[in-house]
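2 protein chains.
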Amino acid sequence: MTRSFHPPVRTLMGPGPSDVNPRILEALSRPTIGHLDPAFIGLMDDIKRLLQLAFRTGNALTLPVSAPGSAGMECCFVNLVSPGDTVIVAQNGVFGGRMKENVERCGAVAVMVHDEWGAAVDPQKVEDAMRSHPAAKVLAFVHAETSTGARSDAATLCALARRHGLLTIVDTVTGLGGIDVNVDGWGADAVYSGTQKCLSCVPGLSPVTFSNRAQEVIQNRAHKVQSWFLDMGLVMAYWGGSNQRAYHHTAPINMLYGLHEALVILEEEGLENAWARHARHHAALAAGLGALGIEFVVDEGHRLPQLNCVRIPAGVDDALVRRRLLDEYGLEIGAGLGPLAGKVWRIGLMGFAANRRNVLFCLGALEALLNRPGGVAAARAFYASSR
Amino acid sequence: MTRSFHPPVRTLMGPGPSDVNPRILEALSRPTIGHLDPAFIGLMDDIKRLLQLAFRTGNALTLPVSAPGSAGMECCFVNLVSPGDTVIVAQNGVFGGRMKENVERCGAVAVMVHDEWGAAVDPQKVEDAMRSHPAAKVLAFVHAETSTGARSDAATLCALARRHGLLTIVDTVTGLGGIDVNVDGWGADAVYSGTQKCLSCVPGLSPVTFSNRAQEVIQNRAHKVQSWFLDMGLVMAYWGGSNQRAYHHTAPINMLYGLHEALVILEEEGLENAWARHARHHAALAAGLGALGIEFVVDEGHRLPQLNCVRIPAGVDDALVRRRLLDEYGLEIGAGLGPLAGKVWRIGLMGFAANRRNVLFCLGALEALLNRPGGVAAARAFYASSR
Chain D
1 MTRSFHPPVR
11 TLMGPGPSDV
21 NPRILEALSR
31 PTIGHLDPAF
41 IGLMDDIKRL
51 LQLAFRTGNA
61 LTLPVSAPGS
71 AGMECCFVNL
81 VSPGDTVIVA
91 QNGVFGGRMK
101 ENVERCGAVA
111 VMVHDEWGAA
121 VDPQKVEDAM
131 RSHPAAKVLA
141 FVHAETSTGA
151 RSDAATLCAL
161 ARRHGLLTIV
171 DTVTGLGGID
181 VNVDGWGADA
191 VYSGTQKCLS
201 CVPGLSPVTF
211 SNRAQEVIQN
221 RAHKVQSWFL
231 DMGLVMAYWG
241 GSNQRAYHHT
251 APINMLYGLH
261 EALVILEEEG
271 LENAWARHAR
281 HHAALAAGLG
291 ALGIEFVVDE
301 GHRLPQLNCV
311 RIPAGVDDAL
321 VRRRLLDEYG
331 LEIGAGLGPL
341 AGKVWRIGLM
351 GFAANRRNVL
361 FCLGALEALL
371 NRPGGVAAAR
381 AFYASSR
Chain G
388 MTRSFHPPVR
398 TLMGPGPSDV
408 NPRILEALSR
418 PTIGHLDPAF
428 IGLMDDIKRL
438 LQLAFRTGNA
448 LTLPVSAPGS
458 AGMECCFVNL
468 VSPGDTVIVA
478 QNGVFGGRMK
488 ENVERCGAVA
498 VMVHDEWGAA
508 VDPQKVEDAM
518 RSHPAAKVLA
528 FVHAETSTGA
538 RSDAATLCAL
548 ARRHGLLTIV
558 DTVTGLGGID
568 VNVDGWGADA
578 VYSGTQKCLS
588 CVPGLSPVTF
598 SNRAQEVIQN
608 RAHKVQSWFL
618 DMGLVMAYWG
628 GSNQRAYHHT
638 APINMLYGLH
648 EALVILEEEG
658 LENAWARHAR
668 HHAALAAGLG
678 ALGIEFVVDE
688 GHRLPQLNCV
698 RIPAGVDDAL
708 VRRRLLDEYG
718 LEIGAGLGPL
728 AGKVWRIGLM
738 GFAANRRNVL
748 FCLGALEALL
758 NRPGGVAAAR
768 AFYASSR
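In order, the protein sequences belong to chains D and G.
If you count by our numbering, then the first sequence holds residues 1 to 387, one letter each, in order.
If you count by our numbering, then the second sequence holds residues 388 to 774, one letter each, in order.
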């Protein structure tokens, strides 16, 4: 007979999932109700409104896709891209590559604009690609690259796209709730995120939002969306504004309890306060890492406070340190991906995990395992001086 | 400020989600760990093994898709069907229609075989379609039609398909855990289910299983699977047998805690005992409904014990009764869909909800609202005689 699973208690400071607020864990365990229950309709309305607040948008088509961030990405592509379209994809990490896969699986052509892993997307290169591919319909890029910790300039990239008549698809899976995500201010057309990063919720849902312009494109498609499950025209019949909700698929009820609680917590704290908290603890961590002689991959101006990608010091055994952190401290940090595998660690300070306890704990554990002093003291000094 | 959401307490006797076992609600709230944590890998191995037990299969490619049953359906179609293929779809309710949508969105041709809503799929009609479409590659049908409560003969239909050289895609969203689902015994090729029916778990995941023959088809595809998220070739790199799990998408950790607990509970009870429990409480409910003069839509030989589709008595206001059940009793039963809308109720006895308390409660509430006596007494008499 198989026994119930009781997870070890971890501190999650990798690229996500991040530490989940206990209020959200409790919300998940509330009794399930039906997906057409009038009480549930009220919950859905709350979630839509709170997601609009988090995304800083008035977009009516704002809701959580009933699957993880990768499905949110796919949702944006399959709804906006049709066979034969050309899509400019800016790649500066793992997720630009995944965007290319999505474009091609839509029967469209991906024009790739490459930047180094760890660099921000270069708007000049993107504009050059727009000039040399005037028929391109969509620009896709990653605002907050989870694989490198780089932040790209979404406002500039979206403005460029509008000037050249392209729609935008923006990945901010790691951005939402941790740094400014200003969908209406950017004029972005399709933006997706995840729940397990700076919203401190469990993984499994993907908040998305579509501009009116994007909605029109969806409504006027010549080909049906290739995914029935992700067809926003159908999903909206369930999530739409009226009280007559048509059954599409069975909503993941308890996951939505969790997301609701996460968004209530974000509203209580306030968006600006949440960003400031991420920035503050990032600065403390950076001070500590600096004292340990550990360097960031990303230039200071483009660093995500919530995802600290740092070079593994020479002579240090990557896998061994991460295993000892997990086994001896219950602390998870992230490994490098792609060309950064074995070369970097990714230390998350996302949502509920962005706090002083985690910063000092992580620095203390690294100090001990690397046998380098001074990290905790530097972070403590930062906190004392910035009170 | 938005307040936390506290759901009303309901008894869920509709078409799903069904009442969730409190052990599963508690499991959902256990602390989140990373999706590449060694402890999580052990959980995944348990889940695969327990799903094999539930599906009665040795298929290596057996796992939960990270999204609801509709995505499980789509997963089976996009992996097995390629553009230009012909697929025979047997429709006897809502979900055959959804299968047709999936076939067409794969760029394939659906040959429809219709049976009345409430009837089982007629194997003779299916065989006729196979003879008149000898190039057809796949037969798709619904084993347990959630919209009508009809059970079709999966063993016969799969045998027919094998004899004619077709693969099979089988929907048993409502079947798994409630009646015999015998994937290897049937020789089925791709079978999907849901968590929120007879497994008594929350909605949001879709267990699927693929035969070796289906795996070969996936490996030898000429076109990439049109969904990156649902591409089983990629998903397997994460869920596969080795200890080297490659990141594909972030698994819905806490949902998987819930599914694991649901499967542990099923293993503890035993598959045959779970089926017998569903049959017993169905018989009690049927005795009570008969005493109330309420008739079943489906012939006795094809009824699903877990989904009782019954005709609304003449002169009874469908919406009013369902609203009063919800408001006054906290009891959810299901409405009719499609041609059965307004004509039937769907009373679920799924998983944890298949118990004497629910049967007597539902009959008592219906007795009171319909002002017809004798339902509870008849069910009590059944229980007394069948002890």
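Just so it is clear, CB atoms sit at the ideal spot from N, CA and C, and this is done for glycine as well.
If you're wondering where the values come from, they're calculated on a predicted model, not measured in any experiment.
- Bounds of the alpha helix (DSSP H) holding residue 640 of chain G are 640 to 656.
- Not one beta carbon of chain G lies nearer than 8 angstroms to the beta carbon of residue 79 of chain D.
- With fewer than 16 other CB atoms across the displayed protein chains lying within 10 angstroms of its CB, residue 6 of chain D is exposed.
- Residue pairing of residue 501 of chain G in beta bridges, as defined by DSSP: G:478.
- By the beta-carbon neighbour count (other beta carbons within 10 angstroms, threshold 16), residue 254 of chain D is buried.
- Take residue 619 of chain G, set aside five residues on each side of it, and the residues of its chain with a beta-carbon closer than 6 angstroms to its own are 466 and 605, in chain order.
- In this structure, residue 460 of chain G sits away from residue 476 of chain G, with a CB-CB distance that is not shorter than 8 angstroms.
- Proximity to residue 15 of chain D across D:378, D:336 and D:374 peaks at D:336, based on C-alpha coordinates.
- With contacts defined by Cβ atoms closer than 8 angstroms, residue 366 of chain D and residue 379 of chain D do not form a contacting pair.
- With 16 or more other Cβ atoms from the protein chains shown falling within 10 Å of its own Cβ, residue 538 of chain G counts as buried.
- Contacts between residue 611 of chain G and chain D, judged by CB atoms closer than 7 angstroms, involve 105 in chain order.
- Excluding its 5 nearest sequence neighbours in each direction, residue 52 of chain D has C-beta neighbours in its own chain below 6 angstroms: 62, listed in chain order.
- Following the DSSP letters along the chain, one finds residue 409 of chain G inside the alpha helix (DSSP H) bounded by residues 409 to 415.
- Distances from the CA of residue 419 of chain G to each of D:368, D:353 and D:313 were compared; the closest alpha carbon is that of D:353.
- Exposed is the label assigned to residue 714 of chain G, since fewer than 16 other Cβ atoms lie within 10 Å of its Cβ.
- Per DSSP, the continuous beta strand (DSSP E) segment holding residue 696 of chain G begins and ends at 694 to 698.
- Listed by position along chain G, the residues whose Cβ is nearer than 7 angstroms to that of residue 271 of chain D form an empty set, because the closest Cβ is around 14 angstroms away.
- Cβ proximity to chain D below 7 angstroms picks out 589, 590 and 591 from the region 589 to 606 of chain G.
- For a Cβ distance threshold of 7 angstroms, residue set 415 and 589 of chain G lies close to residue 254 of chain D, ordered along the chain.
- CA-to-CA, the gap between residue 196 of chain D and residue 204 of chain D works out to about 8 angstroms.
- Look at residue 41 of chain D here: in three-state DSSP terms it is helix.
- Using a Cβ-Cβ distance cut-off of 8 angstroms, the region 148 to 163 of chain D and the region 186 to 193 of chain D are in contact, since at least three pairs of beta carbons, one from each stretch, lie closer than that value.
- The beta carbon of residue 615 of chain G sits closer than 8 angstroms to the beta carbons of 621 from its chain, once the five residues preceding and following it are set aside; these are given in chain order.
- Where residue 382 of chain D is concerned, the enclosing alpha helix (DSSP H) starts and stops at 375 to 385.
- Interface residue (Cβ-Cβ distance to chain D less than 8 angstroms): residue 407 of chain G is classified as such.
- If you look at residue 593 of chain G, you'll find it in the beta strand (DSSP E) that goes 593 to 597.
- Here the C-alpha atom of residue 698 of chain G lies approximately 10 angstroms from the C-alpha atom of residue 676 of chain G.
- Linking residue 580 of chain G to residue 532 of chain G through their CA atoms gives a straight-line distance of about 12 angstroms.
- Judged by DSSP secondary structure, residue 156 of chain D falls outside any beta strand (DSSP E) and instead within the alpha helix (DSSP H) spanning 154 to 163.
- Two segments are said to touch when three or more pairs of C-beta atoms, one from each, lie closer than 8 angstroms; by this definition the region 165 to 174 of chain D does not touch the region 111 to 122 of chain D.
- The three-state reading of DSSP puts residue 634 of chain G in coil, since its state is none of H, G, I, E or B.
- When the Cα atoms are used, residue 496 of chain G and residue 490 of chain G turn out to be separated by approximately 7 angstroms.
- The C-beta of residue 128 of chain D comes no closer than 8 angstroms to any C-beta of chain G.
- Not one beta carbon of chain G lies nearer than 8 angstroms to the beta carbon of residue 143 of chain D.
- Non-local beta-carbon contacts of residue 404 of chain G in its own chain, meaning distances under 6 angstroms to residues more than five positions away in sequence, involve 583 and 590 in chain order.
- The continuous stretches of alpha helix (DSSP H) do not include residue 332 of chain D, which lies in the beta strand (DSSP E) extending over residues 331 to 335.
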